[in-house]
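If you're matching positions, the sequence shown starts at 665 in the working numbering and goes up one per residue.
The C-beta atom is built at its ideal place from N, Cα and C for all residues, glycine as well.
Values in this document were obtained by computation on a predicted structure and should not be read as measured data.
Here's the structure, in structure tokens; my notes come after.
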Amino acid sequence: MKKRSIYILLFFVGILLGGCDNADDGGYAKPITIYEKVKGDWSLTSIKMVDEYAKANSIKPDEQDLTNWFNYNTFVLQLNVDEENTPTSYKVLGEVPALFSADGFWDLSSAFTNTDLSAVKINLYTDVSKTQRTDQLLLISTPGSNEKMEIQLVRKVNQVVYASYVFTLTPAN
Numbered sequence: 665m666k667k668r669s670i671y672i673l674l675f676f677v678g679i680l681l682g683g684c685d686n687a688d689d690g691g692y693a694k695p696i697t698i699y700e701k702v703k704g705d706w707s708l709t710s711i712k713m714v715d716e717y718a719k720a721n722s723i724k725p726d727e728q729d730l731t732n733w734f735n736y737n738t739f740v741l742q743l744n745v746d747e748e749n750t751p752t753s754y755k756v757l758g759e760v761p762a763l764f765s766a767d768g769f770w771d772l773s774s775a776f777t778n779t780d781l782s783a784v785k786i787n788l789y790t791d792v793s794k795t796q797r798t799d800q801l802l803l804i805s806t807p808g809s810n811e812k813m814e815i816q817l818v819r820k821v822n823q824v825v826y827a828s829y830v831f832t833l834t835p836a837n
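This is the structure:
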């Protein structure tokens, strides 16, 4: 009787485990690109200027908050895409000093996060065919679990970085 109970128990356990074997992988879904995360209007939360020479040589102060200077509280960055999330134009709104071109066309160096964890570059162009690049911004923080995006504009002379500007942005409502 005891052996029979064990066999019956093993039989039901086998049926339960066998019923869980139906894997449903679902249908194909296109992967989410960075374009989908960064498109739209972005309001400035903060901007800081970093003196890269001072930072490299441990000289203080090595950064300055510019958020409340020069009307940066009116800064809005529009990153436009078409219906297929292909980048089209961009525009900077607000009465702020031009650190990079105020309007033009844009794209990313990669539609997905780089596997070597280097920053994806936002390329800014003057022409729709995207042959005349004016500036390049580094996307150092992509919106995800929080809605914050950070971009960095690096200034250099003869390939030596001397200053950078870090923009912290949130979706404009």
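Determine the contact status of residue i and residue j, defining contact as a CB-CB distance below 8 Å.
i: I815; j: Q800; result: no
i: I711; j: Y829; result: yes
i: S793; j: V740; result: no
i: L788; j: T795; result: no
i: L833; j: M813; result: yes
i: V640; j: N735; result: This structure does not reach residue 640, given that the chain is present from 665 up to 837, and the question cannot be answered.
i: G704; j: P835; result: yes
Please state the DSSP three-state secondary structure of residue i.
i: V839; result: Absent from the model: residue 839. The displayed extent of the chain is 665 to 837, so no value can be given.
i: E811; result: coil
i: I696; result: coil
i: T709; result: strand
i: A720; result: helix
i: N822; result: coil
i: T738; result: helix
i: S774; result: coil
i: S782; result: coil
i: L802; result: strand
Provide the residue(s) that pair with residue i in DSSP beta bridges, ordered along the chain.
i: S765; result: According to DSSP, S765 bridges with nothing at all.
i: Y789; result: F769, R797
i: Y829; result: M713, L817
i: S753; result: F769
i: V745; result: P751
i: D726; result: D726 pairs with nothing; no bridge assigned.
i: T834; result: S707
Between the Cα of residue i and the Cα atoms of the options, which residue gives the shortest distance?
i: V818; options: K701, L802, K812, E811; result: L802
i: S774; options: T750, L741, S809, G691; result: T750
i: F764; options: K666, T790, N778; result: T790
i: T806; options: D771, A836, A783, A720; result: A783
i: Q728; options: T738, N737, E716; result: E716
i: T752; options: P835, A762, F769, N737; result: F769
i: K694; options: D767, F776, T709; result: F776
i: F831; options: I672, I696, T709; result: T709
i: N778; options: I804, Y671, V821, N822; result: I804
i: V824; options: T738, A766, A720, G808; result: A720
i: G808; options: I696, D771, A762, A718; result: I696
Checklist entry - When the Cβ atoms of the segment 695 to 703 are set against those of the segment 742 to 749, are three or more pairs found closer than 8 Å? => result yes
Next on the checklist: I want to know whether the segment 719 to 728 touches the segment 753 to 763 - three or more CB-CB distances under 8 Å.
Outcome noted: By the Cβ test, the segment 719 to 728 is not in contact with the segment 753 to 763, since fewer than three Cβ pairs between them sit closer than 8 Å.
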